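Yeah, the sequence shown ends on 352 if you go by the working numbering, and it's all consecutive.
Here is the structure we will look at.
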Amino acid sequence: MIDTLRALLVSGKGLLAMDESVGTCNQRLVAAGIAPTPEMRQAYRALLLGTPQLGEGISGVILHDETLRQSLDNGRAMVSTAQLAQDAGVLIGIKVDLGTQDLPGHAGEKVTEGLDGLGPRLQAYRALGARFAKWRGVCSVDDLARPSLACIEANAHALARYAGLCQAAGLVPIVEPEVLMAGPHSLARCQQVTEALLGSVFSQLQRQGVALELLILKPNMVISGLDGPQQDSAADVARATLQCLRRAVPAAVPGIVLLSGGQSGPQASSRLNALHAVPDASLPWAVSFSFARALQHPALEIWAGQASQQGAARAALMHRVRCNVAALRGRYTAELEIP
Ligand code: 13P
14 MIDTLRALLV SGKGLLAMDE SVGTCNQRLV AAGIAPTPEM RQAYRALLLG TPQLGEGISG
74 VILHDETLRQ SLDNGRAMVS TAQLAQDAGV LIGIKVDLGT QDLPGHAGEK VTEGLDGLGP
134 RLQAYRALGA RFAKWRGVCS VDDLARPSLA CIEANAHALA RYAGLCQAAG LVPIVEPEVL
194 MAGPHSLARC QQVTEALLGS VFSQLQRQGV ALELLILKPN MVISGLDGPQ QDSAADVARA
254 TLQCLRRAVP AAVPGIVLLS GGQSGPQASS RLNALHAVPD ASLPWAVSFS FARALQHPAL
314 EIWAGQASQQ GAARAALMHR VRCNVAALRG RYTAELEIP
C-alpha cells in the first residue's frame, strides 16, 4: 500500500476517474449522440485508457467493474485492461460501491450501499490487477434540513467500513465524501456542510481503526451551488477549500485528490491552480486531482462514437491532463486554453 500511495501521489500527476456506473455512462454517451450500448462503453473506455501519453500526467485510473473485466482494443489487438493500463504507465483502481439508494425517512437523501460481501470482492479485484479502490458517499444541500445528521453519519460509517476492508485486502482506499453542487446554496453553506461531513468521516475512520496514513481523501472543492446567483472566483474557492481541509483533515493523511463535481474543465483547472498559488500554503498533504467530467468531457464530445475521431479525442483528453498538471504547479493560465 505504501508503494501504491507513493506512485499515486507522485508530484505533478493526478487521477483520471472513468468509473461511471453503466447508467451514468449511458447518459453521457446519449448526451454526446452515441448509442448507449456495451460495445460503445467498451470502445470509449479503450479510447481513454489507450491514450499513449496518459502516464505523463496521470498516475492512476479509477475503473468500473465492467471495464476491469473487459478486454479492450489497443488498436492492434484486444488486450486485458490491466495490460493496457500498464502500457500507459498508470495504476488501476476500482470503484467498489454499488451506488446510492434512498435513505428511508429522509426525503431526497441517499446512502451508498455495497458492504455485504465486499471483502471477497476486494480480493478478486486485487487478483485482476487493482491496487486501489474508491467508494463515494453523497450529501445534497439546502439551507436548513439537508444534509440531515442521519445522512452524514450513515455515509461516514459506510466509508469507514469500506476503508477498513480495503486496507485488510491490501488495497489503498480512496475515501470520497461528496457534497453535491446542485442547488442555489452559498459558498459558506457548502463549507459548513463539507466540514461537518469530513468531521464525521474522520471520526468514523478513527473509531473503526482505519490507518489514516494509508488512505487518500477525495473531497469536493468548496463552491457555491450551481443554481445560485453567483459563481465564485478561483481565489475564493481556493481560500474556502483550504480553510475547510485544514480544519477537517488530519495531517496523517498523505494525500487529497479533489473531484470536479460538474465544474467545466477550465473552471476546475483554474480553481486547482488557485489552490496551488495561495501564498504560504504549506500543506501537510499532497493535493492533486481525480476528475471525471472535467477531464473527459471534451474528448467524449469530439469522439462522438467515430473511430476516425480517436486521435483528436485523445488529444483533447491530453490537453485537459496537461492543463491540470500545469495547475498543480500554479502555472495554469486561461491562455493555455487557446488552441
Ligand atoms: P467528477 O470529477 O465528474 O465529479 O467525478 C469524480 C468521481 O469520481 C465521481 O465519483
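Even glycine gets a Cβ: it sits at the ideal position worked out from N, Cα and C.
Fair warning: this is a prediction, and the values are worked out from it, not measured in the lab.
(request) Inspect the beta-carbon positions of Val103 and Gly127 and report whether they are closer than 8 Å. (result) The residue given as residue 103 occupies position 90 in the sequence shown. The residue given as residue 127 occupies position 114 in the sequence shown. No, they are not a contact pair.
(request) State buried or exposed for Met194, treating a residue as buried only when at least 16 other CB atoms are found within 10 Å of its CB. (result) By 1-based counting over the sequence shown, the position of residue 194 is 181. Its Cβ being crowded by 16 or more others within 10 Å, Met194 is buried.
(request) Determine the burial state of Met331: buried for a count of at least 16 other Cβ atoms within 10 Å of its Cβ, exposed for fewer. (result) Counted from its first residue, the sequence shown places residue 331 at position 318. It counts as buried.
(request) Could you give the DSSP three-state label for Asp100: helix, strand or coil? (result) Locating residue 100 in the sequence shown gives position 87, where the first residue counts as 1. Reduced to three states, the DSSP call for Asp100 is helix.
(message) Taking 7 Å as the cut-off, is the beta-carbon of Ile105 closer than that to any non-hydrogen atom of the ligand 13P?
(response) Start at 1 with the first residue of the sequence shown, and residue 105 comes out as number 92. Checking the 7 Å criterion, the Cβ of Ile105 is out of range of every heavy atom belonging to the ligand 13P.
(message) Which runs of the beta strand (DSSP E) at least 3 residues long sit entirely within the segment 267-317? Give them in chain order.
(response) With a minimum length of 3 residues, the continuous beta strand (DSSP E) runs that stay inside the segment 267-317 are 268-271 and 299-304.
(message) Excluding the 5 residues flanking Glu122 on each side, which residues of the same chain have their C-beta closer than 7 Å to its C-beta?
(response) In the sequence shown, the residue the question calls residue 122 occupies position 109. Closer than 7 Å at Cβ, skipping near neighbours: Leu116, Ser153, Arg159, Pro160, Ser161 and Cys164.
(request) Look at the alpha carbon of Arg149 and the alpha carbon of Ala140, and state the distance between them as a whole number of angstroms. (result) As a position in the sequence shown, residue 149 is number 136, starting the count at 1. As a position in the sequence shown, residue 140 is number 127, starting the count at 1. Each residue's Cα considered, the two are about 23 Å apart.
(message) Given this structure, state the Cα-to-Cα distance separating Gln323 from Leu62, to the nearest angstrom.
(response) Translated into the one-based positions of the sequence shown, residue 323 becomes position 310. Translated into the one-based positions of the sequence shown, residue 62 becomes position 49. Each residue's Cα considered, the two are about 12 Å apart.
(request) For Ile75, verify whether its CB is less than 7 Å away from any heavy atom of the ligand 13P. (result) Here residue 75 refers to the residue found at position 62 of the sequence shown. Because some heavy atom of the ligand 13P lies under 7 Å away, the Cβ of Ile75 counts as near it: yes.
(message) Any heavy atom of the ligand 13P closer than 7 Å to the beta-carbon of Arg306?
(response) Working through the sequence shown from its first residue, we reach residue 306 at position 293. Annotation for Arg306 indicates a beta carbon within 7 Å of some heavy atom of the ligand 13P.
(request) May I ask you to report which of helix, strand or coil DSSP gives Gln243? (result) Locating residue 243 in the sequence shown gives position 230, where the first residue counts as 1. Residue state for Gln243 is assigned as coil, using DSSP reduced to three classes.
(request) Would you decide whether Ser213 is buried or exposed? Buried here means 16 or more other CB atoms lie within 10 Å of its CB. (result) The sequence position of residue 213 within the sequence shown is 200, counting from 1. Classification of Ser213: buried, given that the 10 Å Cβ count is 16 or more.
(request) Could you tell me if His224 is buried or exposed, where buried requires 16 or more neighbouring beta carbons within 10 angstroms of its beta carbon? (result) Reading the sequence shown from its first residue, position 211 is the one you call residue 224. Position check: residue 224 holds Ala in this sequence, whereas His was assumed. It is exposed - the Cβ of Ala224 has fewer than 16 other Cβ atoms within 10 Å.
(message) Closer than 7 Å to a non-hydrogen atom of the ligand 13P - does that hold for the CB of Arg284?
(response) As a first step, residue 284 must be located in the sequence shown, where it is residue number 271. Arg284 has its CB no nearer than 7 Å to any heavy atom of the ligand 13P.
(request) Spell out the partners DSSP gives Thr113 in its beta bridges. (result) Mapped onto the sequence shown, residue 113 falls at position 100. Answer is Thr125.
(message) At a threshold of 7 Å, does Gly56 count as lining the ligand 13P (C-beta to nearest heavy atom)?
(response) Walking along the sequence shown from the start, residue 56 turns up at place 43. Per the sequence presented here, residue 56 reads as Ala, with Gly not at that position. Taking 7 Å as the cut-off, one finds no heavy atom of the ligand 13P near enough to the beta carbon of Ala56.
(message) So, with DSSP's three-state summary, where would you put Ile165?
(response) The residue labelled residue 165 in the question sits at position 152 within the sequence shown. In the three-state DSSP reduction, Ile165 falls in the helix class (H, G or I).
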